[in-house]
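Please read the structure below before turning to the comments.
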Amino acid sequence: LLALLGKDEL
Amino acid sequence: MNIFRFAGDMTHLISILVLLLKIYATKSCSGISRKTQELYALVFLARYVDIFTEFISVYNTIMKIVFIASTLAIVWCMRGHRVVRRSYDKELDTFRHYFLIAASLVLALLVHEKFTFQEILWAFSIYLEAVAILPQLVLLQRSGNVDNLTGQYVFFLGAYRGLYILNWIYRYFTEPHFSRWIACVSGLVQTALYADFFYYYFLSWKNNAKLKLPA
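Sequence order for the protein chains is C and U.
Each residue of the first sequence is one higher than the one before, starting from 71 at the first, in this note's numbering.
Each residue of the second sequence is one higher than the one before, starting from 1213 at the first, in this note's numbering.
So, in structure tokens, the structure goes:
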């Protein structure tokens, strides 16, 4: 989910 | 992780290292807006609160620590270092950046993914990052000419945002449910702020002249 929301970005 | 994002993170890192180099090598922070650095420190502290709870990757965690530490080091240097702080353009760096903080906070309370403490902070950090460069751009306008390290600093920051937009386009086409509209819209606004700086930066580079910004 984090990746989908872009929360895996800095 | 795609090449655009990795390149974006690297140019972001380079921009911070260029600034640290400039301050450390010249023992001067003239032409640098301390308010912009304080805003960036706030952006990273607000956005990386999840550093202890959400482990995404070693790379992600290390970069978060590096960004927080280097930005706090710059702010400390500009506030606390006896020699450096004397060269701070206090009378030029007068942008009322508290308005930027208040506006970003209000906007984050109105527009966010979920109404949770962490999400509000994340949205706040995204909005604040979009406008954090304003005190620096105003300071550059006021001081007229730009020494090349500060110019390079703003250039790398702009390049980081431009690469991130390519990253979002890439992810939009490669990942089915990728939705990052808050960061995308905010990132576009931020990149637009750099556009005019890039225009003058390119002109000065082409004419091989000192970078002069119109007053």
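C-beta atoms are modelled at their ideal positions from N, C-alpha and C, and glycine is treated no differently.
Quiz item: Where does Tyr-1252/U land, buried or exposed, given buried means 16+ other C-beta within 10 angstroms?
Solution: buried
Self-check item: Pro-1347/U, buried or exposed, once every other Cβ within 10 Å from all chains shown has been counted against 16
Solution: buried
Quiz item: Could you check where the alpha helix (DSSP H) with Gly-1399/U kicks off and where it finishes?
Solution: 1393 to 1418
Quiz item: From this set, Leu-1229/U, Tyr-1300/U and Val-1350/U, which residue's C-alpha is nearest Ser-1240/U's C-alpha?
Solution: Tyr-1300/U
Quiz item: What is the C-beta distance between Gly-1363/U and Leu-1423/U, in whole angstroms, given that I count them as a contact (C-beta under 8 Å)?
Solution: 5 Å
Quiz item: Thinking just about the alpha-carbon of each residue, which of Trp-1288/U, Gln-1402/U, Leu-1257/U and Trp-1380/U is nearest to the one in Leu-1349/U?
Solution: Gln-1402/U
Quiz item: To the nearest angstrom, how far is it from the Cα of Arg-1294/U to the Cα of Trp-1288/U?
Solution: 11 Å
Quiz item: So Gly-1243/U and Ser-1355/U are in contact, right, with Cβ under 8 Å, and what is the actual spacing, rounded?
Solution: 6 Å
Self-check item: From Arg-1291/U, Ser-1282/U and Tyr-1260/U, residue whose alpha carbon lies closest to that of Arg-1246/U
Solution: Arg-1291/U
Exercise. Tell me whether Trp-1393/U is buried or exposed, calling it buried when 16 or more other Cβ atoms sit within 10 Å of its Cβ.
Key: exposed
Quiz prompt | Members of the region 1263 to 1277 of chain U near chain C, C-beta cut-off 8 Å | solution = Glu-1266, Ile-1268, Ser-1269, Asn-1272, Met-1275 and Lys-1276
Practice problem: Keeping to the same chain, check which residues put their C-beta closer than 7 Å to that of Thr-1283/U; ignore five residues upstream and five downstream. | Solution: Ile-1228, Gln-1249, Tyr-1252, Ala-1253 and Phe-1256
Practice problem: Under 9 Å between beta-carbons, which chain C residues line up against Arg-1217/U? List them in chain order, please. | Solution: Glu-79 and Leu-80
Quiz item: From Ile-1235/U, Phe-1216/U, Val-1261/U and His-1224/U, pick the residue whose C-alpha is nearest to that of Phe-1367/U; which is it?
Solution: His-1224/U
Practice problem: For Leu-77/C, name the three-state secondary structure that DSSP assigns. | Solution: For the sequence presented, residue 77/C should be read as Lys rather than Leu. If DSSP states are grouped into helix, strand and coil, Lys-77/C belongs with coil.
Quiz item: Quick one: does Lys-1253/U have its CB under 8 Å from some CB of chain C?
Solution: Sequence inspection shows Ala at residue 1253/U; the Lys mentioned does not correspond to that position. It does not; no Cβ of chain C falls within 8 Å.
Quiz item: Leu-1319/U: which of Arg-1308/U, Phe-1307/U and Trp-1334/U sits nearest, CA to CA?
Solution: Trp-1334/U
Exercise. Counting only runs of 4+ residues fully inside the region 1342 to 1393 of chain U, write out the alpha helix (DSSP H) ranges in chain order.
Key: 1346 to 1355 and 1360 to 1386
Exercise. Just mark Tyr-1271/U as buried or exposed, buried being the case when its beta carbon has 16 or more other beta carbons within 10 Å.
Key: exposed
Quiz prompt | Cβ-based neighbour list, Val-1230/U, same chain, cut-off 8 Å, excluding 5 preceding and 5 following | solution = Leu-1361, Gln-1364, Tyr-1365 and Phe-1368
Quiz item: Of the residues Arg-1297/U, Tyr-1382/U, Val-1358/U and Phe-1385/U, which one's Cα is nearest the Cα of Tyr-1412/U?
Solution: Val-1358/U
Self-check item: Span of the alpha helix (DSSP H) around Asn-1214/U
Solution: No alpha helix (DSSP H) holds Asn-1214/U; DSSP gives it neither H nor E.
Practice problem: Per DSSP, which residues does Lys-1424/U bridge with? Please list them. | Solution: Asn-1357/U
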